[in-house]
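Have a look at the structure below, then the notes.
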Amino acid sequence: MSLRMRIVAAYMKRTSHPVMSSAENTAAAIAEPKKPHNPPHEQYQVNHITVEELDGFPVYSVVPATDEPRDTPRDIVVYVHGGAFFRELTKYHWTLVSEIAAAGFKVVVPVYGLLPDHDAEDAYPFIREVWRRAAAEAEASGHTVSIAGDSAGGGLAAGCVLRFADEDAAELPAPTRMALIAPWLDLTVSDPRVEEIVPRDPWLHPTGLRVAGEAWGRRSGEQDVLTTPLSADPAMLAALPPTRIWSGGRDVLHPDASAFAQATSCDLTVVPHALHAYPLVPAPEGATGRGEVVSWLSAPGR
1 MSLRMRIVAA
11 YMKRTSHPVM
21 SSAENTAAAI
31 AEPKKPHNPP
41 HEQYQVNHIT
51 VEELDGFPVY
61 SVVPATDEPR
71 DTPRDIVVYV
81 HGGAFFRELT
91 KYHWTLVSEI
101 AAAGFKVVVP
111 VYGLLPDHDA
121 EDAYPFIREV
131 WRRAAAEAEA
141 SGHTVSIAGD
151 SAGGGLAAGC
161 VLRFADEDAA
171 ELPAPTRMAL
181 IAPWLDLTVS
191 DPRVEEIVPR
201 DPWLHPTGLR
211 VAGEAWGRRS
221 GEQDVLTTPL
231 SADPAMLAAL
241 PPTRIWSGGR
251 DVLHPDASAF
261 AQATSCDLTV
271 VPHALHAYPL
281 VPAPEGATGR
291 GEVVSWLSAP
301 GR
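If you read the sequence shown in full-length UniProt numbering, its first letter stands for residue 1, the second for the next number, and so on.
If you want it as structure tokens, here you go:
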């Protein structure tokens, strides 16, 4: 484990873990005012960034600042951010978004409504419409559209793709590829192997995840494919587009990532000593992970 990964682990142990290991602290964190979600200033120095409003929520579009016109048709990646369904985008999300854009993509970032005021059934129609528009734009120019997400956003991305196929297959095309970073794939975090990882995870804890998960799934239910993609019928899972998952061994969500990879026969990259969502972490392991995400999305045949 790199020194920087150790430093991040120590920081998360002091800051995030006390929140996520307590039901009361998680509930209090959910009720806190939301922090800004906008891109850091330095992102505007290397990207063209625009934002539009859809149903009252921002949708960012990020393309690399090159000599090409801003509206040059490109392959598109829709990126769904994590944050346990109650925290906004951070500079670490924007770093990954920028690196994806630097590979020549247009990255579309929907800022969906969070707890406590919103839940999964609010997020779905919003992301559905973002996806419909991105897919139509890509199809019109002969380009591809993929989806990516981390943590809660990774689970939401997978859940939306499953519901697209179940309810809207005639209208909504499947993604060309799906990249999931430490996805939260079961709101109940009920895999018995989780308890083995709890002492080693400095960031997350099933107690807080279950509090947030119950609130997020209050209308969908915790076993709907939107909120718990692992609950999908095996045939639905087998029909998912080409998918790759990145997971750290010190992440309580890792057992579900492993189970999902087995059920879907998708690629699973595991770094045994790494933390939750390690490709977002400012450490050598994170830089390697981000590079792998970008390379995989950019691979021939996309």
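We treat Cβ as the ideally placed atom computed from N, Cα and C, and that holds for glycine.
Given the structure is predicted, the values throughout are model-derived calculations rather than measurements.
Secondary structure of N25, DSSP reduced to three states: helix
If I follow the unbroken alpha helix (DSSP H) through L54, where does it start and stop? Element bounds for L54: not the alpha helix (DSSP H) but the beta strand (DSSP E), 47-54.
In whole angstroms, what is the alpha-carbon distance linking K106 and N47? 10 Å
Is the separation between the beta-carbon of D256 and that of D186 shorter than 8 Å? yes
Figure out for me which residue from V198, L240, L268, D122 has the closest Cα to the Cα of G217. D122
Under a Cβ-count criterion, where at least 16 other Cβ atoms within 10 Å of its own Cβ denotes burial, should Q45 be classed as buried or exposed? exposed
Can you find at least 3 beta carbon pairs, one from the region 200-208 and one from the region 159-170, that sit closer than 8 Å? no
Are the Cβ atoms of Y278 and G289 separated by less than 8 Å? yes
Distance CB(I245)-CB(A261) smaller than 8 Å: yes
Tell whether a beta-carbon distance below 8 Å holds between H273 and G249. yes
Mapping DSSP to helix, strand and coil, what is L180? strand
Note down, one range per segment and in chain order, each alpha helix (DSSP H) of at least 4 residues found wholly within the region 171-226. 194-197, 206-216
Proximity below 8 Å, CB of S59 to CB of P110: With the sequence shown as reference, residue 59 is identified as Val, and Ser is not the correct amino acid for it. Cβ atoms of V59 and P110: closer than 8 Å.
Below 8 Å on the Cβ atoms is my guess for L237 versus V130; work out the distance and round it to an integer in Å. About 23 Å; that fails the 8 Å criterion.
Which two residues bound the contiguous beta strand (DSSP E) that contains D150? 145-150
Cut-off 7 Å between Cβ atoms - residues of its own chain near H37, not counting five sequence neighbours on either side: E88, L89, V111
Bounding residues of the beta strand (DSSP E) (the contiguous stretch that carries F57): 57-64
Is it right to say V51 is buried, meaning 16 or more other beta carbons lie within 10 angstroms of its own, or is it exposed? exposed
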